[in-house]
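Numbering (the working numbering), first residue to last: 2 to 115.
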């Protein structure tokens with residue numbers, strides 16, 4: 002399985018988790034230029050941009066540390082475009098969903114990350 006396939010599986014796990022938590026899925030793999038937002042959701046009138054990172058184990062560190070400053074900048078650019086295109090007038094938030102493990106993966110949701 003290549004990294005793209007692993008990423009898609011991780012995103013599917015994250016979508017399922019978000020649905021269980023009563024989020025509404027608005028977009029998956031939203032692209033703007035070189036930027037991509039894995040999942041865009043809404044809950045309680047808050048628009049949430051979600052980056053998903055999955056590691057089969059923690060050998061190379063926790064998945065959330067893979068969201069570096071460059072990635073955050075790209076996500077913010079895409080988010081600004083989405084907000085403008087949708088004329089969103091309410092609160093926004095940036096989250097990370099970190100998934101670790103192959104069998105029975107552990108999902109941790111980091112809300113309002115910078």
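Here a beta-carbon is modelled for each residue, glycine too, at the ideal position from N, C-alpha and C.
Residue i - partner residues in DSSP beta bridges
i: residue 92; result: 47
i: residue 31; result: 38
i: residue 25; result: 43
i: residue 101; result: 56, 107
Proximal residues to residue i (C-beta, below 6 Å), its chain only, five neighbours per side dropped
i: residue 114; result: 95, 97
i: residue 103; result: 57
Exposure of residue i, with buried meaning 16 or more beta-carbon neighbours within 10 Å
i: residue 53; result: buried
i: residue 11; result: buried
i: residue 19; result: buried
i: residue 50; result: buried
i: residue 86; result: exposed
i: residue 66; result: exposed
i: residue 70; result: exposed
Own chain partners of residue i with C-beta closer than 7 Å, once the 5 adjacent residues on each side are dropped
i: residue 7; result: 55
i: residue 68; result: 52, 54, 97
(message) Does the contact criterion of 3 or more C-beta pairs under 8 Å hold for the stretch 54 to 63 versus the stretch 88 to 96?
(response) no
(message) Is it the case that the stretch 75 to 91 contacts the stretch 106 to 113, given that we only count it when at least three CB pairs across the two stretches are under 8 Å?
(response) no
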